[in-house]
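Scroll down for the structure; my scribbles are underneath it.
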Amino acid sequence: MSRSPSVNGTAFGIGLDVDDHGNVIVVVEGPSAAGKTTWCLSHAECFVAEYVPTGDEPEGTHPETQADYWVRVNSRRWSQALELERRTGLAICDSDPLKLHYSWCLSMIGAAPRSRWEFELDVTRRAFEVRALGLADLVLIGTPPLERLLQQRAGDLTRRRRHFELHARLREPLVEWYQAVEDLDPGRVVWELPDQGIPDPLPPPRSTRTSVELLDALVASLPVP
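Under this note's numbering, residues 21 to 245 are what the sequence shown spells out, in order.
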């Protein structure tokens, strides 16, 4: 697999001046129609919105082109989380800015070639090297059964969810991904979207959010297809 030229943080859409923080970034995750956005709207005054497709995504192009695009998207959302954290002390993200799990999950169910995941991992590692991406301090993940996902999809008339069937198949590998995240540092994954809102107390911020070693340890612990 070829590597792109070396990059700096600006190449990912942010500056390099990313300080250590004493506050917390919380990610709200789950399959399509799991209730992520509803939970955020109910329990957060402001939050980093999920990515909204524009129609210009480079789907079907070379995996390296896709990787560059999605890591830029993810880095912008990470930058937004850092800014919100600076301003308020707490950043809630509607879906994980580190959406590396998506290409891995697709490869696990045979819906995308392994090369897509490998290219995206390569670019993501370089984003970690310049602190343009990192792991959140806490993940809240809702994994309702398929029947409930179907009900919630039918009840939400504001969204089309064109790829719902595909995304529903990603439920199992998504759980495997976040189990690996939990195993890295136990206590940083909550396996529900709590009805009462943000957990109290929150864990402390990771001291190694953007550590390449942390990312490598996560990848090494993932199941192999």
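The beta-carbon is built from N, C-alpha and C at its ideal position, and this holds for glycine as well.
All values reported here derive from a predicted model rather than from experimental measurement.
Would you decide whether residue 177 is buried or exposed? Buried here means 16 or more other CB atoms lie within 10 Å of its CB.
Reliability fails at residue 177, whose pLDDT of 49 lies under 50, so the model's placement of it is uncertain and no value is given.
Nearest-angstrom Cα separation, counted from residue 92 out to residue 68
15 Å
I need the straight-line Cα distance from residue 74 to residue 133, nearest angstrom please.
23 Å
I'd like the list of long-range same chain contacts for residue 187, defined as Cβ closer than 7 Å, with 5 residues on each side in sequence excluded.
51, 52
In chain order, what residues of the same chain have a beta carbon less than 6 Å from the beta carbon of residue 47, not counting five sequence neighbours either side?
113, 116, 156, 159
Does the separation of the CB atoms of residue 55 and residue 213 fall below 8 Å?
yes
Cβ-Cβ separation, residue 130 to residue 229 (assumed contact under 8 Å), whole Å:
Not a contact, Cβ separation roughly 32 Å.
For residue 190, does the three-state DSSP call read helix, strand or coil?
coil
Cα-Cα separation between residue 111 and residue 162, rounded to whole angstroms:
18 Å
Unbroken beta strand (DSSP E) run spanning residue 113, endpoints:
110-114
Under a three-way DSSP split, which group does residue 232 fall into?
helix
Drop a sphere of 10 angstroms on the beta-carbon of residue 127, count the other beta-carbons inside from all chains shown, and report buried for 16 or more, exposed for fewer.
buried
Going by DSSP, which residues form a beta bridge with residue 160?
48, 210
Residue 127 lies in the alpha helix (DSSP H); which residues open and close that run?
120-128
Cα separation between residue 143 and residue 120?
10 Å
Does DSSP put residue 91 in a helix, a strand or coil?
helix
How long is the line joining the alpha carbons of residue 146 and residue 197, rounded to whole angstroms?
20 Å
If you count every other CB in all the chains shown that lies within 10 Å of the CB of residue 86, and 16 or more means buried, which is it?
buried
Between which two residues does the alpha helix (DSSP H) carrying residue 328 extend?
This structure cannot settle anything about residue 328, because the visible part of the chain is limited to 21 through 245.
Buried or exposed (CB count within 10 angstroms, at least 16 for buried), residue 90
buried
Quick check: what's the CA-CA separation for residue 96 versus residue 118?
10 Å
Which of helix, strand or coil DSSP assigns to residue 11:
Only positions 21 to 245 of the chain appear in the structure, and residue 11 is not among them; the question remains open.
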